[in-house]
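Trainee:
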Amino acid sequence: MRTQGLKQLLPFLKLFKRQWLMMFVGLFLSITTLMAGIGLLSLSGWFLSATAVAGLSVVTAQAFNYFTPAGGVRFLSIARTASRYGERLATHEATFKLLTDLRSWTWRKLLPLSASDLKGLRGGDLLNRLVSDIDTLDHLYLRLMTPMAASFLMIAGLYLFLGWFDTDLALTLCSLLLLFCLLLPLLFYRLGHQPGIAQLECKRHLRVQLLQYLQGQSELTLFGALGRFRAELDSAEARLFSSQAAMAHVTALSQGMLVLCHGFAVVVLFYLAADGVGDALPPGPMLALVVFMTLACIEMLMPLAGAFQHLSACVCAATRVNEVALQTPSIVFDNQAQHQVSRGALEIKQLGFSYQSANEDVLANTQPINKVLDGINLTIKAGEKVALLGQTGCGKSSLLALILRQWQAQQGEIFLDDRPVEQYSESALRRGISVMSQRIYLFAGTLRDNLILAQLGDSDELQQLSRADRKAKRQANDHLLIEVLNRVGLSSLTQGEKPLDTWVGEGGRQLSGGEQRRIGVARVLLRDAPLLLLDEPTEGLDQRTEREIMALLLEFAKDKTLLMISHRLTAMAKMDCVHLMEAGKIRISGSHQQLLAQDDYYLSLHQQLH
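Take the sequence shown: its letters are residues 1 to 610, numbered as in this note's numbering.
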């Protein structure tokens with residue numbers, strides 16, 4: 001076992017101390033179950049043998065105490081059943097709480113990460129790390145730590161108990177059991193290393209493929225790629241089944257080897273105990289006690305067959321989660337800062353940016369870095385309406401991402417209300433900027449759930465109110481949400497007794513594209529931020545709907561600062577200034593009328609629109 005790989009488990013093992021009490025209870029009940037099981041079989045073997053020996057004569061039969069051993073058998077059987085039930089409850093409760101802590105810890109580690117920290121990581125892969133990989137880590141406690149700890153403690157207990165009768169037999173039995181507990185898991189780990197990793201990777205690949213298949217149904221059908229993609233999905237599923245079969249073979253082999261080793265121990269102890277157990281010559285019932293005790297030890301050895309073959313999968317899963325969760329955020333906010341965005345004035349000076357850092361360029365030994373933005377200078381006064389136009393790939397969306405601090409520019413500065421954006425806390429920056437992006441994210445929830453995302457801070461305020469005031473505020477807020485929905489042209493969704501409880505479905509599948517876009521506008525109207533950033537707000541809409549949405553946004557932003565990026569000329573006549581971008585630079589600037597007279601490209605766009 002590689003030490004470097006096991007180090008990946010340390011961050012998760014440190015989290016286990018939060019659930020130490022329940023984990024200890026689970027371990028205690030596991031040991032109690034093993035003690036009751038071994039004691040039950042040992043006492044039963046001794047009792048049956050002693051009863052048979054006592055029945056050889058009338059005197060011994062009348063003198064033999066049948067009631068105490070019989071009571072012991074009943075007690076141990078009831079204790080084993082009760083402790084086994086309690087063990088299942090305790091260990092699974094501890095496991096579920098550990099998984100909750102692991103997911104919460106991972107989420108807290110992910111939240112500070114920006115888009116630059118997560119670049120190259122697809123959504124399906126990230127989902128797999130948060131779900132499947134963390135689920136795999138439950139083997140650490142349930143199938144590895146608890147069985148191993150219980151086995152070692154039981155070996156010590158067996159030595160003390162059997163050593164009371166015969167030290168040599170106790171030493172032999174416990175030495176064999178200790179040897180099995182040390183060597184067999186190492187062998188099982190080696191056998192299950194490749195199949196365990198293969199199963200985890202196949203499961204990850206299938207999850208990513210399946211998510212892409214479900215999300216891209218429309219595009220796959222439109223371009224006739226549905227059959228090919230389905231074949232790739234079937235192939236990924238077949239590889240997963242193959243990896244599961246390989247792991248099942250390893251499990252069967254490990255269990256067979258364990259049974260073989262246990263049988264060897266039974267034969268050895270039977271041979272040695274046949275010469276006598278302590279002072280008992282001939283051994284008689286004590287021989288049965290030793291043999292049945294050795295037989296019962298299979299219960300504490302069997303979990304080892306499956307424990308260490310999953311260790312490689314646990315290490316792999318921990319490595320994948322750590323790759324994301326243990327990153328140092330490249331963008332750090334000054335959350336102690338008290339500055340607030342009040343006017344929304346924006347100034348950009350000599351901004352230069354590339355998605356490839358200089359270090360990556362040197363390591364890759366590639367051509368010089370291709371700058372997405374090269375020396376951008378832009379000034380937007382408070383209350384001004386400005387548009388950035390340009391073809392796809394000219395750097396418009398990258399500029400908005402830098403303003404929002406999703407990425408960090410390699411050169412230049414961005415000022416918001418005459419203060420560098422680095423001097424704002426994350427909450428102040430998010431509160432001061434309202435964004436409408438090309439894609440409207442709708443979650444699997446109600447209409448209300450998807451609208452109140454725009455109302456930051458309301459949940460904290462509600463907690464400080466009395467129950468009656470809280471109810472009144474929520475009712476007033478519901479009236480506000482319905483009013484905004486009517487304002488953006490979604491009156492069809494506000495009909496009925498409880499319109500805000502309407503389920504919109506995953507990704508807003510219950511709504512049309514235009515309705516989803518209008519919900520995005522409604523979110524903007526629910527935010528009273530001084531700076532409004534619009535990233536292709538009418539992308540994919542017909543001209544009539546586009547004009548309606550732009551009219552709503554411009555009316556809402558009449559007292560706010562507005563920066564809109566687009567490749568279409570809708571509402572450009574109402575902008576204070578229009579900038580044309582090309583290859584990461586602002587090529588020309590002016591009003592709508594000035595650009596019509598000065599720039600042929602802008603004139604051609606205007607003619608296409610009309």
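We put the beta carbon where it would ideally sit given N, CA and C, even for glycine.
(1) Hey, L110 and V324: beta-carbon distance below 8 angstroms or not?
(2) Identify, in the order they occur along the chain, each residue of the same chain with its Cβ nearer than 7 angstroms to the Cβ of A364, setting aside the five sequence neighbours on each side.
(3) Taking only the alpha-carbon atoms, compute the straight-line gap between L226 and F415 and give it to the nearest angstrom.
(4) To the nearest whole angstrom, what separates the beta carbons of L98 and D135, a pair I think is in contact under 8 angstroms?
(5) Where does Q391 sit, in a helix, a strand or coil, going by DSSP?
(6) How long is the line joining the alpha carbons of A231 and Y213, rounded to whole angstroms?
(7) Could you check what DSSP says for S589 in three-state terms: helix, strand or coil?
(8) Do G393 and H567 have their C-beta atoms closer together than 8 angstroms?
(9) Over the uninterrupted beta strand (DSSP E) stretch that includes V435, give me the two end residues.
(10) Among residues of its own chain, excluding the 5 on either side of Q340, which ones have a beta-carbon nearer than 7 angstroms to its beta-carbon?
(11) When the distance is taken between beta carbons, is Q209 closer than 8 angstroms to T233?
(12) Between V291 and L169, which are expected to be in contact by the criterion C-beta below 8 angstroms, what is the C-beta distance as a whole number of angstroms?
(13) Going by DSSP, what residue range makes up the beta strand (DSSP E) through L346?
(14) Can you tell me whether S459 is buried or exposed, with buried defined as 16 or more other CB within 10 angstroms of its CB?
(15) Mind checking which residues open and close the alpha helix (DSSP H) that includes V332?
(16) Per DSSP, D535 forms a beta bridge with which residues?
(17) Can you list, in chain order, the residues of its chain whose CB lies under 8 angstroms from that of E87, leaving out five sequence neighbours each side?
(18) Taking the continuous beta strand (DSSP E) assigned at F415, which residues delimit it?
(19) For S330, which residues in the same chain have their Cβ closer than 7 angstroms to its Cβ, ignoring the five residues on either side in sequence?
(20) Out of curiosity, what's the CA-to-CA distance linking L9 and A318?
(21) Considering only the alpha carbon of each residue, which of S175, K7, G55, L171 lies closest to P285?
(22) Can you give me the start and stop residues for the beta strand (DSSP E) that G120 sits inside?
(23) For S42 and L173, what's the separation of their Cα atoms in angstroms?
(24) In terms of residue numbering, what span does the beta strand (DSSP E) encompassing C577 cover?
(25) Quick one: grab the DSSP three-state call for D600.
(26) Would you tell me roughly how many angstroms separate the C-alpha atoms of E201 and I565, rounded to the nearest one?
(27) Report buried or exposed for K396, applying the criterion of at least 16 other Cβ atoms within 10 angstroms of its Cβ.
(28) With a threshold of 16 other CB atoms inside 10 Å of the CB of A50, please say whether the residue is buried or exposed.
(29) With burial defined as no fewer than 16 other Cβ atoms inside 10 Å of the residue's Cβ, what is the status of K14: buried or exposed?
(30) Could you give the C-beta distance for V578 and L603, rounded to a whole number, given that I count them as a contact under 8 angstroms?
(31) Classify V332 as buried or exposed, calling it buried when 16 or more other Cβ atoms lie within 10 Å of its own Cβ.
(32) What does the alpha-carbon distance come out to for the pair Q255 and A305?
(33) Who pairs with P420 in a beta bridge, going by DSSP?
(34) Can you tell me where the alpha helix (DSSP H) holding L451 begins and where it ends?
(35) Could you name the residues of the same chain whose beta carbon sits closer than 7 angstroms to that of P185, not counting the 5 residues immediately before and after it, in chain order?
(36) Go ahead and label V58 buried or exposed: buried means 16 or more other beta carbons lie within 10 angstroms of its beta carbon, across all protein chains shown.
Mentor: The answer reads as follows:
(1) The answer is yes: Cβ separation under 8 angstroms.
(2) Here A364 scores only 46 on pLDDT, less than 50, and its place in the model should not be relied on; the value that follows carries that caveat. Closer than 7 angstroms at the Cβ level, and outside the excluded window around A364, lies no residue.
(3) Near 48 angstroms, if we compare the C-alpha coordinates of F415 and L226.
(4) Not confirmed; about 11 angstroms, so no contact.
(5) DSSP, reduced to helix, strand and coil, places Q391 outside both helices and strands of the structure shown, so it counts as coil.
(6) Distance between A231 and Y213, taken at the CA atoms: about 11 angstroms.
(7) In the structure shown, the three-state DSSP call for S589 is strand.
(8) Cβ atoms of G393 and H567: not closer than 8 angstroms.
(9) Looking at the DSSP string, the run of the beta strand (DSSP E) that includes V435 is 433–436.
(10) So the qualifying residues of the chain are A428, G432.
(11) Just to set this straight, residue 233 is Leu in the shown sequence, not Thr. Closer than 8 angstroms, so yes.
(12) A Cβ-Cβ separation of about 11 angstroms leaves V291 out of contact with L169 under the 8 angstroms criterion.
(13) Counted as a single uninterrupted DSSP element, the beta strand (DSSP E) harbouring L346 occupies residues 346–353.
(14) Note that S459 scores 46 on pLDDT, short of 50, meaning its location in the model is unreliable; the coordinates nonetheless yield the value given after this. Its Cβ having fewer than 16 others within 10 Å, S459 is exposed.
(15) Unbroken run through V332: none, as it is neither H nor E.
(16) D535 is bridged by DSSP to I565.
(17) Here the set comprises G26, L29, S30, T32, T33.
(18) Annotation for F415: the continuous beta strand (DSSP E) segment containing it runs 411–416.
(19) Result list for S330: S114, S116, D117, Q408, in chain order.
(20) Using only the alpha carbons, I get a separation of about 6 angstroms.
(21) Nearest C-alpha to P285: G55.
(22) If you look at G120, you'll find it isn't in any beta strand (DSSP E); DSSP assigns it neither H nor E.
(23) Per the coordinates, the alpha-carbon of S42 lies some 14 angstroms from the alpha-carbon of L173.
(24) Counting along the chain, C577 sits inside the beta strand (DSSP E) bounded by residues 577–582.
(25) Three-state result, D600: helix.
(26) In a straight line, the C-alpha of E201 is about 40 angstroms away from that of I565.
(27) By the 16-neighbour rule on beta-carbons within 10 angstroms, K396 is buried.
(28) A50 is buried by the Cβ-count criterion.
(29) The residue is exposed, with fewer than 16 neighbouring Cβ atoms inside 10 Å.
(30) About 13 angstroms separates the Cβ atoms of V578 and L603, ruling out a contact at the 8 angstroms cut-off.
(31) Exposed is the call here.
(32) Taking C-alpha positions only, Q255 is separated from A305 by approximately 6 angstroms.
(33) Per DSSP, F415.
(34) Annotation: the continuous alpha helix (DSSP H) that includes L451 extends over 447–451.
(35) Answer for P185: L304, A307, F308, listed in chain order.
(36) V58 should be labelled exposed.
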